[in-house]
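K.L.:
This is the structure I want to talk about, given as structure tokens.
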Amino acid sequence: MGARGGPVEVSPAMTASVLPPTPVMPHGQRHYEGLIDPQGPVVPGEEVLPVLPALRGLLPAGGLQRGHVVATAHGGLLFLALAAAASASGAWCAAVGLPSLGVRAAADAGLDPDRLLLVAEPGGSWPQVVASLLDGCDVVLLCPPARPAAQLRRKLEAAARRFGSVLLVAGEWEGAQARLLIADQEWTGIGAGHGRLRARRARIVAEGRGAGARARSAWLWLPGPDGTVRAAPDHVMAAMSRDAGLGRDAGLGRDAGLGRDAVLARDVLAGTG
Amino acid sequence: MTGARAPGRVLVLYCPDWPGAEPGSVGAAETAGAAGVVGAAGAAGAAGAAGTPAVLGPAVRAFEPVVAVVEEFCPKVEVLRPGACAISVRGPARYFGGESELVRKIAAAVRAAGFVGQVGVADGLFAAELAATLGPDGRSGPDARIVPPGRTVAFLAAQPVSALGRPELSYLLPRLGITTLGEFAALPAAEAANRFGASGELAHRLARGLDPRPLVPRPPAADLSVRCEFDPPAEQSEPVVFAAKSLAEDLHARLAASGLACVRIEVQVHCEDGREISRFWRHDGLLSGLAVAERVRWQLDGWRTQVAPGGAGAPGDEGPAAGVGPAGVEGPAGVEGPAGVEGPAGGVGPAGGGGSVGGITLLRLVPDQLVRDTGRQLRLWGDAVVSDRVARAAIRVQAMLGHGAVTRPVPAGGRRPSDQMLLVPFGDTGVPPRPADRPWPGQIPAPAPATVYPAPRPAWVTDSAGTAVSVTARAQLSGPPAWLSAPGQPTRAITSWAGPWPVSENWWDPDRARRQARFQLVTDDGSAWLAVLQDGCWLIEAAYD
Chain A
1039 MGARGGPVEV SPAMTASVLP PTPVMPHGQR HYEGLIDPQG PVVPGEEVLP
1089 VLPALRGLLP AGGLQRGHVV ATAHGGLLFL ALAAAASASG AWCAAVGLPS
1139 LGVRAAADAG LDPDRLLLVA EPGGSWPQVV ASLLDGCDVV LLCPPARPAA
1189 QLRRKLEAAA RRFGSVLLVA GEWEGAQARL LIADQEWTGI GAGHGRLRAR
1239 RARIVAEGRG AGARARSAWL WLPGPDGTVR AAPDHVMAAM SRDAGLGRDA
1289 GLGRDAGLGR DAVLARDVLA GTG
Chain B
21 MTGARAPGRV LVLYCPDWPG AEPGSVGAAE TAGAAGVVGA AGAAGAAGAA
71 GTPAVLGPAV RAFEPVVAVV EEFCPKVEVL RPGACAISVR GPARYFGGES
121 ELVRKIAAAV RAAGFVGQVG VADGLFAAEL AATLGPDGRS GPDARIVPPG
171 RTVAFLAAQP VSALGRPELS YLLPRLGITT LGEFAALPAA EAANRFGASG
221 ELAHRLARGL DPRPLVPRPP AADLSVRCEF DPPAEQSEPV VFAAKSLAED
271 LHARLAASGL ACVRIEVQVH CEDGREISRF WRHDGLLSGL AVAERVRWQL
321 DGWRTQVAPG GAGAPGDEGP AAGVGPAGVE GPAGVEGPAG VEGPAGGVGP
371 AGGGGSVGGI TLLRLVPDQL VRDTGRQLRL WGDAVVSDRV ARAAIRVQAM
421 LGHGAVTRPV PAGGRRPSDQ MLLVPFGDTG VPPRPADRPW PGQIPAPAPA
471 TVYPAPRPAW VTDSAGTAVS VTARAQLSGP PAWLSAPGQP TRAITSWAGP
521 WPVSENWWDP DRARRQARFQ LVTDDGSAWL AVLQDGCWLI EAAYD
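Line by line, the protein sequences are chains A and B.
Residue numbering for the first sequence follows our numbering, beginning at 1039 and increasing consecutively.
Residue numbering for the second sequence follows our numbering, beginning at 21 and increasing consecutively.
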């Protein structure tokens, strides 16, 4: 939040009213509706695999181009969310070297656990494992056990191109067509001894090569209160900051301090959700 | 009509409470609600299994020593599921001096090998399995119940309808005033089919003491078996398993071309030194090529476990296998001596080095008991179908790293994030021990953490004075947490936190009892953690990153 005028104190009650409403769902039912474009199932020949609408503006092709490598600075929800929409629309994913992958969080973001293969401990032969999986799956999520040599990296990139799969890497990968990282993040809903983690808003910065060289950034709910990953438009941030300030300065009750902009923002979010 | 002829005599060996085949695994899943009559529907076959031939690999491998004991008496043993196997009585009974003598010998051999088993003999698999699960009747000797020839219908007539192992019929029939199989069998067959559908027709045939499906009267002239030779002999299981998949698909194509399905499939493996291992697996036209390949793998693995001395270091050792290994190697040898069909124990000497079992020269798949293929209905909104391309890649990786290295996640229930997922090896089917569709009060509410450590990481949480934060029995904090440090990470200031949320789980079981206080912590770099305080130690269970 540093880029936007210092940390803002947000009380749980206020956050709850500004955040997008949590859809009430029977336990276990997935809530992809509205998150995934009805683009239909992934067609083998299709050149670009879909990504969540919130991530679309960050990637040069508006999606995951087959044969490309996309890297994130670390593992975590951003990394998993990159594969979510492709998985939800029928692509098979494999995760290599990620023994601590949170399947529940991935599923909440949209990744279908029924179409997920896990190779938690690939050991020394991880390059062969990745190459085999690039042949079989549409998306391979990789956390390399060791920093790969340039020659090995080029081999795996060539495998991805040949099989038309997407390689997502958590960590450094110099040849990546796009690289995403979390520049700012702040959790809401939690205070000093009260509340609980409800949502995180994070500013994602993406940079890349060639057509994607221009740095892009976007604010996301990563995750929102229901575990989904959505866009968090700027004016909501502004409204939240102003309201937080207003509420504090005027000493008004929390709900009374919620201004017109924030109400508008909430309605906007409810509309998009 | 061929379907009306009485089925042959069958002997079933049933091990009650077989470890590994717990409630929630195969047998229980097929026969939910039929307490005490576990797995009667295993015999009932196709309609009950509904397209999910789920068998737990480790449990099957652990059952192998028991099968080896029965194999001493009859080489054609059919494994119904872990904990139950069947043989045809006719031949061995003549050889061993009558039915009761055979039963006595088998029961004694199983006991001598260190297992607890019950033997049942009757006309037809269903009645025999039922007799075995009911336990000894006091007349046929210890651990045995023999239903005399021709008395099977009367035996079945006295059983409750729940013995069919079909929850819908067990519920419906008593409400219609039908409580025993005899009363059910008295209904006209056409009416039973009209009212209860295909599954009811099948149950009606079982209640009348007939085989569930009429066998094809005349075996087709053509040999439908498929084979693959290995030259040079295959030293490892993997190439054999790989070949088994394409062989099985070839076999299925041949069967489909003749409009047939097989009830059982026989897997024959020939070794370099002339030994032959063969095993029957229940098929019922439901197994995919991949599933047949899995059974070939289990057969080879189980055999290998037996050959490796003491089962030490064998793959997939779950509790039972480790204790069973020595008995499996010594038991058969003590009973029969080195002669006979006892391939595995004979292989101990030459195979001593490194668990190798000698090269495999031939794999043959033989369809057994051909029936007309009546087709099956896939579920309209089916499970994710594993495409060939994905399966091929997964099997290739399994060939590199081992069967358990490629897993698929199955959602499970629980209060800790690491409990909420079960990893099932690719190709196996797993049922989570704790169902996910229960409320699980006390679980951490959404959003879920994106990183869940399989083993929690140690950490230190201190207050602003630098003393470790503790929690009293009444969930009172010693002081607000201020600093978080973990091995390999710089110490970070805690900016906000929530908790303690006390959890006390499984207090009735001293081994699994767990008392924890849980916290969510946010550090000054913006990252959030799920930490627990247990027995005075701080652990990080998950990260919201």
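C-beta atoms are modelled at their ideal positions from N, C-alpha and C, and glycine is treated no differently.
Quick one: does H1112(A) have its CB under 9 angstroms from some CB of chain B?
P.N.:
Judged by the 9 angstroms Cβ criterion, H1112(A) is in contact with chain B.
K.L.:
List, in order along the chain, the chain A residues whose C-beta lies closer than 8 angstroms to that of T471(B)?
P.N.:
The contacting residues are G1113, G1114, S1138, L1139, G1140.
K.L.:
If the criterion is Cβ atoms closer than 9 angstroms, does the pair S1203(A) and R1104(A) meet it?
P.N.:
The answer is yes: Cβ separation under 9 angstroms.
K.L.:
Just to confirm before moving on: does the CB-CB distance between R1239(A) and A1270(A) stay below 9 angstroms?
P.N.:
Yes, they are a contact pair.
K.L.:
For H1106(A), return the contacting residues in chain B, with the cut-off set at a CB-CB distance below 8 angstroms.
P.N.:
Simply none; closest approach about 19 angstroms.
K.L.:
Using alpha carbons as the reference points, say which of A129(B), G144(B), E149(B), F116(B) lies closest to G103(B).
P.N.:
Cα-wise, what sits closest to G103(B) is E149(B).
K.L.:
Could you say which of Q496(B), V444(B), Q440(B), D388(B) lies nearest to R428(B) if we only look at CA atoms?
P.N.:
Here the closest residue by C-alpha is V444(B).
K.L.:
Identify whether R1185(A) lies in helix, strand or coil by the three-state DSSP scheme.
P.N.:
Reduced to three states, the DSSP call for R1185(A) is coil.
K.L.:
When the Cα atoms are used, what is the spatial distance from R315(B) to E1212(A)?
P.N.:
Computed Cα separation, rounded: 44 angstroms.
K.L.:
Applying a beta-carbon distance threshold of less than 9 angstroms, which residues of chain B neighbour A1196(A)?
P.N.:
Near A1196(A) there are no residues of chain B at all, since even the closest Cβ is about 17 angstroms away, more than 9 angstroms.
K.L.:
If you draw a straight line from the C-alpha of A205(B) to the C-alpha of R110(B), how long is it?
P.N.:
If I take the Cα positions, the gap works out to 27 angstroms.
K.L.:
Kindly list, in the order they appear in chain A, the residues whose Cβ is closer than 7 angstroms to that of S516(B).
P.N.:
Going along chain A in sequence order, the residues near S516(B) (Cβ under 7 angstroms) are I1228, G1229, A1230.
K.L.:
Name the chain B residues that come within less than 7 angstroms of G1162(A), Cβ to Cβ?
P.N.:
Within chain B, no residue comes near G1162(A); the closest Cβ sits about 10 angstroms away, beyond 7 angstroms.
K.L.:
Does R1298(A) come within less than 9 angstroms of chain B when only Cβ atoms are used?
P.N.:
Bear in mind that the predicted position of R1298(A) carries a pLDDT of just 43, short of 50, making it unreliable; the figure below should be weighed with that in mind. Not an interface residue.
K.L.:
Would you mind reading off the limits of the beta strand (DSSP E) that contains V109(B)?
P.N.:
No beta strand (DSSP E) holds V109(B); DSSP gives it neither H nor E.
K.L.:
By how many angstroms is the C-alpha of L1194(A) removed from the C-alpha of G345(B)?
P.N.:
In this predicted model, G345(B) has a pLDDT of only 32, less than 50, meaning its place in the structure is not dependable; the value taken from the coordinates is given anyway. About 43 angstroms.
K.L.:
To the nearest angstrom, how far is it from the Cα of A129(B) to the Cα of L33(B)?
P.N.:
Looking at the two C-alpha atoms, the distance is approximately 12 angstroms.
K.L.:
Would the C-beta of F175(B) count as close to the ligand GTP, meaning under 8 angstroms from any of its heavy atoms?
P.N.:
Ligands displayed in this structure: none; no statement on the ligand GTP is therefore possible.
K.L.:
Would you call the CB atoms of L385(B) and Q288(B) closer than 9 angstroms?
P.N.:
Yes. Within cutoff.
K.L.:
Going by other Cβ atoms of all chains shown within 10 Å of its Cβ, with 16 needed for buried, is P530(B) buried or exposed?
P.N.:
So P530(B) ends up on the exposed side.
K.L.:
What residues in its chain sit with their C-beta under 7 angstroms from that of Q1077(A), if we drop five residues either side in the sequence?
P.N.:
Here Q1077(A) scores only 41 on pLDDT, less than 50, and its place in the model is too uncertain to base an answer on.
K.L.:
Just reading off the beta strand (DSSP E) that V136(B) is part of, what are its end residues?
P.N.:
Run containing V136(B): none; DSSP gives neither H nor E here.
K.L.:
Less than 8 angstroms between the CB atoms is what I'm expecting for P522(B) and G1231(A), so what's the real figure, rounded?
P.N.:
Not really, about 15 angstroms apart at Cβ, beyond 8 angstroms.
K.L.:
Are the Cβ atoms of P453(B) and R1142(A) separated by less than 9 angstroms?
P.N.:
Cβ distance not < 9 angstroms, so P453(B) and R1142(A) don't count as in contact.
K.L.:
Flag R1238(A) as yes if its beta-carbon sits less than 9 angstroms from any beta-carbon of chain B, otherwise no.
P.N.:
It does: the Cβ of R1238(A) has a partner Cβ on chain B nearer than 9 angstroms.
K.L.:
Considering only the beta carbon of each residue, do V89(B) and R302(B) sit closer than 9 angstroms?
P.N.:
Result no, Cβ atoms of V89(B) and R302(B) do not sit closer than 9 angstroms.
K.L.:
Between which two residues does the alpha helix (DSSP H) holding F175(B) run?
P.N.:
It spans 172 to 177 - the alpha helix (DSSP H) in which F175(B) sits, taken as one unbroken run.
K.L.:
Examine the Cβ distances between the region 490 to 506 of chain B and the region 454 to 472 of chain B and report whether three or more of them are shorter than 8 angstroms.
P.N.:
Because the criterion of three Cβ pairs below 8 angstroms is not met, the region 490 to 506 of chain B and the region 454 to 472 of chain B do not touch.
K.L.:
When the Cβ atoms of the region 194 to 208 of chain B are set against those of the region 168 to 182 of chain B, are three or more pairs found closer than 8 angstroms?
P.N.:
Because the criterion of three Cβ pairs below 8 angstroms is met, the region 194 to 208 of chain B and the region 168 to 182 of chain B touch.
K.L.:
Whose CA, out of P1263(A), Q1189(A), G1262(A), P1165(A), lies closest to the CA of L1179(A)?
P.N.:
Nearest option by C-alpha distance: P1165(A).
K.L.:
Output, in chain order, the set of chain B residues within a Cβ distance shorter than 7 angstroms of P1088(A).
P.N.:
Under the 7 angstroms cutoff, chain B gives no residues; its nearest Cβ is about 18 angstroms from P1088(A).
K.L.:
Looking at C-alpha atoms only, which residue of A506(B), P36(B), Q389(B) is the closest neighbour of D163(B)?
P.N.:
Cα-wise, what sits closest to D163(B) is P36(B).
K.L.:
Classify R384(B) as helix, strand or coil using the three-state DSSP reduction.
P.N.:
Correct three-state label for R384(B): strand.
K.L.:
D1173(A) to M441(B), Cα distance in whole Å?
P.N.:
The alpha-carbon atoms of D1173(A) and M441(B) are separated by roughly 27 angstroms.
K.L.:
For A263(B), which residues in the same chain have their Cβ closer than 7 angstroms to its Cβ, ignoring the five residues on either side in sequence?
P.N.:
So the list reads C248, L383, once near-sequence residues are dropped.
K.L.:
Say whether chain B places a C-beta atom closer than 9 angstroms to the C-beta of P1271(A).
P.N.:
No, because no Cβ of chain B sits closer than 9 angstroms to the Cβ of P1271(A).
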